[in-house]
Each structure stands twice: as structure tokens, then as C-alpha cells.
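**Student:**
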DNA sequence: ATGTGTTTTAAACAAGTGTTTAAAATAGAT
DNA sequence: ATCTATTTTAAACACTTGTTTAAAACACAT
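Chains as they are written, first to last, in this note's numbering: chain A, 1126 to 1333; chain R, 1126 to 1333.
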């Protein structure tokens, strides 16, 4: 028997949407099954339990998250232009999946969330060779010497936070969706300028 | 009748802890009442409902959040040193309340979360005069010309994200609590350097 | 001690939770 | 058409949820 979209995929897609929007604790199995247009029992028929289904969705979300990074790192460019492209792509990717960072951070803080092995993601990133490339650039004086955690944090902070905090910023500054989106473009440019000049010290800083 | 700590305060304190750690959806009324060492019915006796209690806790959390900012802005210093002090204080404050940013962002995304008026917080910040001060510094060429949202985002991103994403970063980089904390100190310095030099263009950037 | 108002509790309520069971519907092979 | 295995459903399971009710415990004035 064949279908355009298998039942299993229907469930996963529905679960992805619902989990992302409301979190593990914020939704019920029945809600997911309804979003997939079927009976509750089917969810457990294909994926033994709610937790099991969640684990699959979460890991695939992490996978997307990391894959989006690695594609840029593996490309063949100077490290500085990799950085520029990376920021560009990260804003683009996260605009399409705005709930992803909050989702990942929230669920990492859940007790059960720790059961998942995260180190493998670091290994994947490391395997792209980006960290060695940075170390070399730092040794050659082409790049500011900061440790890898700090580098990761600088980039992630400035790419992810502006998208995670959308509703907060809209609330505080009183902006519509469109206004926020257009402001985000300006901000992306500022972030790029700031990070590139800080890390690679392109001394074209002239203000006023 | 008098007590050292009133029942009402006991409930609020317990609710604050539990809500922060698990979110609105992630905990039950009974969990809160047990944390406060009493019967469930008492929670509803003092605060009509779980939602009502939550609203109070959330708004007080936002209050703390904003108050922590304003104290620095209202002080009597140059805008550049205000920035330095602000980052310092923000890292210190958030280290003591690490769940606060994720909590606020998560609950802002809940449907019911929108019922709360957020604009008042912006007004409070604006009332501190910090925005005018920035505008003036920008007009005088002392500060880079970027809009307020972007400025807010730059600061918040770099102060809040490193603390929100602790468990994610620990997972990825394989760090203990102590290691992360000490790395956070180094990172705070990097953030300060980067932001100050980007915004005020202190051109002492010479690498290696 | 009695009465009064407040604070606290145990118990119950209906509704919703994750999960399981057994029966029904469906598919494909003979 | 009959049999078999897979897919889907309705119904029930035991348990937790937010909230309410009525009785108990308490404090305090008289």
C-alpha cells in the first residue's frame, strides 16, 4: 500500500508544529493527533509514547540546526567571508524557523532533556574543520584571539536572540510584524559589521 | 495574627520558583502548593486561579527585569561608562536569575501572555532618559548612529543569550558548571570590548 | 466559655492526561 | 470469496488537572 504522505510522516509533521509552538509540556497527545487528522491511539501505535515522539522531533530539530551551520563552514572561502555568509544564512534560516532556538533551549533545561547526547553535535561542527581554521587564523594574526566558546557565543547571541526575542521586542517597542522584519534587516547589517570588525579588525571604523 | 512570612508570600515565593523553572504549562497548582508546604485550595483562596497567580508572578518578574536596567541608566556617568557598568550589572543580575530571560520570552509567546501590557515597560525605560542621551551622543558624533531597536538588541543579545543558553553551550562544548562560569567572565570582557568599540569607536584595536 | 470571623484542610467535582485494549476497517494474496 | 496481516478506530483504563464545597481549625473579642 502506498500514499502520497504516509501516516507516520503526517504525525511527525503535526508533532513538529505543535511541539515547536507549545513545547513538550504545553500540548497533549490528542492535540497532536487532531492536528494530524487522526485518532490518538495511532500516535502511540507508530511512536510508543509522547516522550518517544518528542525525542525524535527534538533530535531532528537539532540536526537541522547544526546542518545549517556546517554547510557554510565547509565551503571554500576566506574565514572572514565565511563569517559574513554564515550570519546571512543564519538570519535567513532562523527567520524560517523562529521557534527553533527557544524550543531547543527550553527543552535542554527540562530534566528529561538531558538524556539526549549533545556532544555529537559539537563533534559534527568540529569535523567541518572550522575550529582549526580559526586557530590557524588566530596564530597568523588574522583573527582576534578568543576562545571557541566565546566565539560561538558571540555569533549565536547576535544571530539567535534577535529572532527569539521578537515578541518581547515588539511588545517593548510597539512594532508590527512588518516593522520588526524590516528592522531586522538593518540589524543584521549592524551585527555583521560589528562582529567582522571585532574579530578581524577591519579598521574602517569612522563614525559620524 | 502575625507571622514572620505570611501565607500569601509563601505562595508567591514558591510559585516564582516553580513557574520560573518549569513554565506555566510545565507545572501544576498542587506542585506549587506543595512547594509552599500547604493545601492546594489555599492557592486559590488567596489568588483566584492558577492564571491569576501566574500573571502576578510574571509581571513582578518583568518589573525586576526592567528595574535592573533603569538603575544604571539613571546614574550620573558618561554614556560610555554607563554602557560598561550596564553590561557588568546585567551579567551579574542575570547570573542570579538565569531563568528569567527564557521565562519571559517563552511566556510572551503563549496566547494568554499577550494579554499583559508591555508598553509600560518601554515607557519606564524611556523615562530614564537613556534614549535621549543616546540620540544626543549620536548627534554629537560620540556614538555610532543606529536605531534604538538595534541598540537594544545588540545589548540584550550579548548579555542575555550567554546565560539563557548555558545548558545548550555546556552540552555542545562539554563544560562543567564551574568551567562555564569562569568562561563567562572572559566572555563578558569580550562583549564589553566589542560593544564599546563598535558603538563608541575607541580605536585601540590592534590585534596580535 | 461562647460567639465570630478568618484561615486551612480534606474531599469531591468534571474535564483532560498518557496509554492500552479489543474490535473494526482496510489491504493484498490465494 | 476467504484468509491473513496491517492499519485505524472507539472505548476504556487509571491518573492528574484546575477549581469548588463544606467542614474543620484557628485567632481573638466578649
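Idealized CB from N, CA, C, for every residue including glycine.
#1: What residues from the stretch 1221-1234 of chain R come within 7 Å of chain A, judged by C-beta to C-beta, listed N to C?
#2: Can residue 1214 of chain R and residue 1186 of chain R be called in contact, C-beta distance under 9 Å?
#3: Could you tell me whether the Cβ of residue 1257 of chain R comes closer than 9 Å to any Cβ of chain A?
#4: Considering only their Cβ atoms, is the gap separating residue 1297 of chain R from residue 1277 of chain A smaller than 9 Å?
#5: For residue 1148 of chain A, is the classification buried or exposed, using 16 other Cβ atoms within 10 angstroms of its Cβ as the cut-off for buried?
#6: Using the Cβ count rule (16 or more neighbours within 10 Å means buried), how would you classify residue 1192 of chain R?
#7: Going by DSSP in three states, residue 1280 of chain A sits in which element: helix, strand or coil?
#8: Considering only their Cβ atoms, is the gap separating residue 1208 of chain A from residue 1325 of chain A smaller than 9 Å?
#9: Going by the CB atoms, is the gap between residue 1306 of chain R and residue 1212 of chain R shorter than 9 Å?
#10: Indicate whether residue 1145 of chain R and residue 1243 of chain R have their beta-carbon atoms separated by less than 9 Å.
#11: Using the Cα positions of residue 1279 of chain A and residue 1286 of chain R, report the straight-line distance between them to the nearest angstrom.
#12: Helix, strand or coil for residue 1095 of chain R per DSSP?
#13: In this structure, how does DSSP classify residue 1163 of chain R when only helix, strand and coil are distinguished?
#14: If we cut at 9 Å on Cβ distances, does residue 1318 of chain R have a partner in chain A?
#15: Can we say the stretch 1128-1139 of chain A touches the stretch 1163-1182 of chain A, given the rule of at least three CB pairs closer than 8 Å?
#16: Hey, out of R/1274, R/1268, R/1272, R/1300, whose CA is closest to residue 1321 of chain R's CA?
#17: So that I know if they touch, is there some Cβ in chain R lying closer than 9 Å to that of residue 1141 of chain A?
#18: Leaving aside the five residues before and after residue 1234 of chain R along the sequence, list all residues of the same chain whose C-beta is less than 7 Å from its C-beta, in chain order.
#19: Does residue 1182 of chain R have its Cβ less than 9 Å from a Cβ in chain A?
#20: In whole angstroms, what separates the C-alpha of residue 1300 of chain A from that of residue 1288 of chain A?
**Tutor:** In terms of the structure at hand:
#1: For the stretch 1221-1234 of chain R, the set of residues with a beta-carbon nearer than 7 Å to any beta-carbon of chain A comprises 1227, 1229, 1230, 1231, 1233, 1234, in chain order.
#2: It is not a contact, given that the beta carbons lie outside the stated cut-off.
#3: Taking Cβ atoms only, chain A never reaches closer than 9 Å to residue 1257 of chain R, which makes this a no.
#4: In this structure, residue 1297 of chain R lies closer than 9 Å to residue 1277 of chain A by Cβ.
#5: Its Cβ being crowded by 16 or more others within 10 Å, residue 1148 of chain A is buried.
#6: Residue burial annotation: residue 1192 of chain R is exposed, with fewer than 16 other C-beta atoms found within 10 angstroms of its C-beta.
#7: In this structure, residue 1280 of chain A counts as helix in the three-state DSSP scheme.
#8: In contact: residue 1325 of chain A and residue 1208 of chain A (Cβ atoms closer than 9 Å).
#9: Result no, Cβ atoms of residue 1212 of chain R and residue 1306 of chain R do not sit closer than 9 Å.
#10: It is not a contact, given that the beta carbons lie outside the stated cut-off.
#11: If you take the alpha carbons of residue 1279 of chain A and residue 1286 of chain R, they lie about 9 Å apart.
#12: Since the first residue shown for chain R is 1126 and the last is 1333, residue 1095 of chain R is missing from the structure and cannot be characterised.
#13: Here residue 1163 of chain R sits in coil by DSSP.
#14: Yes, because at least one Cβ of chain A sits closer than 9 Å to the Cβ of residue 1318 of chain R.
#15: Yes, the stretch 1128-1139 of chain A is in contact with the stretch 1163-1182 of chain A.
#16: Looking at the Cα atoms, R/1268 is the closest of the given residues.
#17: Closer than 9 Å to the CB of residue 1141 of chain A there is not a single CB belonging to chain R.
#18: So no residue of the chain qualifies.
#19: Closer than 9 Å: no.
#20: Answer to the nearest angstrom: the Cα atoms are 14 Å apart.
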